[in-house]
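S.K.: Please find one structure pasted underneath; my questions will follow.
2 protein chains.
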Amino acid sequence: MTVATTSPTEPRVPPDERRLRRDAEANRRQILRAAGRLMAERGLSAPLEDIAAEAGVGIGTLYRRFPTRADLVEAVFADHLAVYVEALEEALGAEDGWAGLLWFLEAATTHQIENRALNELLEYNLGEAAVAQVQEKVTPLVDTLVERAKATGRLRPDFALSDLAFMQQMLVALGRATESVGDRVWKRYMAIMVDGLLAARTGPTPTGRAALSIEELRVLHESRPPVPWRRRADPPER
Amino acid sequence: MTVATTSPTEPRVPPDERRLRRDAEANRRQILRAAGRLMAERGLSAPLEDIAAEAGVGIGTLYRRFPTRADLVEAVFADHLAVYVEALEEALGAEDGWAGLLWFLEAATTHQIENRALNELLEYNLGEAAVAQVQEKVTPLVDTLVERAKATGRLRPDFALSDLAFMQQMLVALGRATESVGDRVWKRYMAIMVDGLLAARTGPTPTGRAALSIEELRVLHESRPPVPWRRRADPPER
DNA sequence: GTCAAGTGGAGGTCACTCCTCCACATCTCG
DNA sequence: CGAGATGTGGAGGAGTGACCTCCACTTGAC
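Chain order of the listed sequences is A and B.
Reminder that position 66 of the first sequence reads as 65 in numbering that gives the first Met the number 0, one-by-one numbering, no gaps.
Reminder that position 23 of the second sequence reads as 22 in numbering that gives the first Met the number 0, one-by-one numbering, no gaps.
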């Protein structure tokens, strides 16, 4: 009754991945598409049942493929985040540093207004994994972008990376609130803010406080409320 | 068997209000205080059970006194809204129109950051009743405030009432997100925006779109998602 | 043709909140 | 003081909106 659990010629359970059946693979892709769409629209906590329905697939299927929501999110946004890096690289390519900065601000804001999940992904420090990784790649790039803009002499010298982050966050909030008006109302306020960033104007109104340092920003980020969906319960308390 | 439902000397059910018993009146006040505190902190949809608990009162008591959440909200904020009018009046009292405008922006923003319920109250067109009424009183005052600021020549001439509303909304959002840092981070961005409002700077960055008119603002407001708490079910459908 | 792999979705679970109801407690007023 | 009107607490039923499991059945691969 001692049993060989794996045949000698072919390992039963290949270390990590095994090839999916063709139909299963197709379903998997459907799920990812559906999740991408729904989460962009309704946020990271879009009900899994809705996603399954949108994908034309049973809820069980979704669960077998992605046992936790985090797995799903990760799979969906693996590439989405790369968009950021691309935008940055394009912005850095601009010959005028000032224009590059504005271009990036606008592009990133548009992106996050259109994709609510993306926005939440950055807000909740989510993946530890994926996001942190991107963060690490992105931070120095943004830094360069800012420095280049300052070098033109147009940007107020006390501008910092955190300013960019917060302005973006504000514009995203507004953009979403005024979506129904169409017509990009938020751009008006981006323009106003940008005018306020001109070096020529530094000082007329006291800012009262320097920009947050990257370190402070990181701390703030980590004190965020936990991710907004229910996690699998921890092993029972008592 | 025909019965006199009211005694001739003393009407059983005075038209609207009847005097509460002393203890009941005390409870009522406790409830209002508790609701004020909790709603400021957690928003208009703070669980009624929590409010009752905070007030040291049974849930039944709360319901007898305020049959619907709307009743409670109305009672709590009846006066809170008056604060607005006062702030406006003070701002209008400033001799410098520009300073008055800034003072009001700052005061109103602080207020709404500290009181989440107040913020929601204005966002969801809530009371039809109370809010609309205040709105009506407030709008012309704000208008005057803006006009006075323009008269100083410091404010960009295309500034409109809606700009004030949106800027405030953005700052509130930021203020809440950065609360944990203390230190009023949002004021930095208020300063930046304000710099962008200076008439001297009009134009450097194209705004792309004029400010929303009051009419447009109203329409936007009305297309808001419904109030975020469950309402008493309508009489059963079928 | 066989059978491992994959599927659907009914139904159990859970966490919340709402709101009713009534035996009991507390005032008020004569 | 005592009677009756007024007020109270909070257990419990009901509704909601998600999560996740399980297994009889279907399908693709070889």
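Idealized CB from N, CA, C, for every residue including glycine.
Give me the chain A residues within the contact set of B/F165, using Cβ-Cβ distance strictly less than 9 Å, ordered along the chain.
M.R.: L173, A176, T177, V184, W185, R187 and Y188
S.K.: Taking only beta-carbon positions, decide if A/D95 is within less than 9 Å of chain B.
M.R.: Judged by the 9 Å Cβ criterion, A/D95 is not in contact with chain B.
S.K.: Is the distance from the Cβ of B/R43 to the Cβ of B/E113 below 9 Å?
M.R.: Reading off the sequence shown, one finds Leu at residue 43 of chain B, where the question assumed Arg. Result no, Cβ atoms of B/L43 and B/E113 do not sit closer than 9 Å.
S.K.: Please state whether DSSP places A/L154 in a helix, a strand or coil.
M.R.: Of the three classes helix, strand and coil, the one that applies to A/L154 here is strand, per DSSP.
S.K.: Run through chain B and tell me which residues come within less than 8 Å of A/E215, C-beta to C-beta.
M.R.: Neighbours of A/E215 on chain B, chain order: V180.
S.K.: Going along chain A in order, which residues have a C-beta closer than 8 Å to the C-beta of B/M169?
M.R.: M169, L170, A172, L173 and Y188
S.K.: Assign B/L19 to one of three DSSP states: helix, strand, or coil.
M.R.: Judged by DSSP in its simplified three-state form, B/L19 adopts coil rather than helix or strand.
S.K.: Does any residue of chain B bring its CB to less than 9 Å from the CB of A/G195?
M.R.: yes
S.K.: Can you confirm whether A/P46, when its beta carbon is compared against all beta carbons of chain B, has any partner nearer than 9 Å?
M.R.: False, the Cβ-Cβ gap to chain B never drops below 9 Å.
S.K.: Can you check whether the CB of A/E48 is closer than 9 Å to the CB of A/R115?
M.R.: no
S.K.: Go through its chain and collect everything with a Cβ distance to B/P10's Cβ below 6 Å, but skip five positions before and after it.
M.R.: In this prediction, B/P10 has a pLDDT of 38, which is less than 50 and means its spatial position is unreliable; what the coordinates show is noted afterwards. Excluding residues within five positions, none has a Cβ falling inside 6 Å.
S.K.: Using a C-beta to C-beta distance shorter than 7 Å, which residues of chain A count as neighbours of B/T109?
M.R.: Chain A residues near B/T109: none, gap ~13 Å exceeds 7 Å.
S.K.: For B/G207 and chain A, any beta-carbon pair shorter than 9 Å?
M.R.: yes
S.K.: When the Cβ atoms of the stretch 16-32 of chain A are set against those of the stretch 48-65 of chain A, are three or more pairs found closer than 8 Å?
M.R.: yes
S.K.: Hey, how far is the Cα of B/G174 from the Cα of A/M169?
M.R.: B/G174 and A/M169: Cα-Cα distance of roughly 10 Å.
S.K.: Of all the CB atoms in chain B, is at least one closer than 9 Å to the CB of A/M192?
M.R.: yes
S.K.: With 16 as the cutoff for other CB atoms within 10 Å, does B/D95 come out buried or exposed?
M.R.: exposed
S.K.: In chain order, what are the residue ranges of uninterrupted alpha helix (DSSP H) at least 4 long that sit wholly in the stretch 10-92 of chain B?
M.R.: 21-41, 47-54, 58-64, 68-79 and 81-92
S.K.: 9 Å is my cut-off, CB to CB: does A/A210 come that close to chain B?
M.R.: yes
S.K.: For A/D194, count the other beta carbons within 10 Å of its own beta carbon; 16 or more makes it buried, fewer makes it exposed. Which is it?
M.R.: buried
S.K.: Rounded to a whole number of angstroms, what is the C-alpha to C-alpha distance between B/L140 and B/H220?
M.R.: 19 Å
S.K.: Throw me the rounded Cβ distance for the B/W97 and B/L163 pair, which I believe falls under 8 Å.
M.R.: In this structure, B/W97 and B/L163 do not form a Cβ contact; the two beta carbons are roughly 13 Å apart against a cut-off of 8 Å.
S.K.: Checking contacts by CB at 9 Å: is B/P156 closer than that to chain A?
M.R.: no
S.K.: Taking just the CA atoms, how far does B/A77 sit from B/R147?
M.R.: Each residue's CA atom was taken as its position, placing B/R147 and B/A77 some 29 Å apart.
S.K.: Compute the distance between the beta-carbons of A/M38 and A/I50, then report whether it is under 9 Å.
M.R.: yes
S.K.: Can you tell me whether DSSP reads A/L117 as helix, strand or coil?
M.R.: helix
S.K.: Go to A/G174, then tell me how far its alpha helix (DSSP H) extends in each direction, as first and last residue.
M.R.: L160 to A176
S.K.: Taking only the alpha-carbon atoms, compute the straight-line gap between A/L71 and A/P224 and give it to the nearest angstrom.
M.R.: 21 Å
S.K.: Label B/V75 either buried or exposed according to how many other C-beta atoms from any shown protein chain fall within 10 Å of its C-beta, with 16 as the threshold for buried.
M.R.: buried
S.K.: Does the beta carbon of B/D49 come closer than 9 Å to any beta carbon on chain A?
M.R.: Cβ-Cβ to chain A under 9 Å: no for B/D49.
S.K.: Can you find a CB in chain B that lies within less than 9 Å of the CB of A/L104?
M.R.: no
S.K.: What three-state label does DSSP hand A/L211 in the structure shown?
M.R.: coil
S.K.: Tell me, to the nearest whole angstrom, how far the beta carbon of B/A107 is from that of B/A86; I am working on the premise that it is less than 8 Å.
M.R.: Rounded, the Cβ-Cβ distance is 6 Å, consistent with contact.
S.K.: Would you kindly report the start and end of the unbroken alpha helix (DSSP H) that includes A/Y188?
M.R.: V184 to L196
S.K.: Measuring only between beta-carbons, confirm whether B/T243 sits less than 9 Å from chain A.
M.R.: A query on residue 243 of chain B cannot be resolved here, the shown segment of chain B reaching from 0 to 237 and no further.
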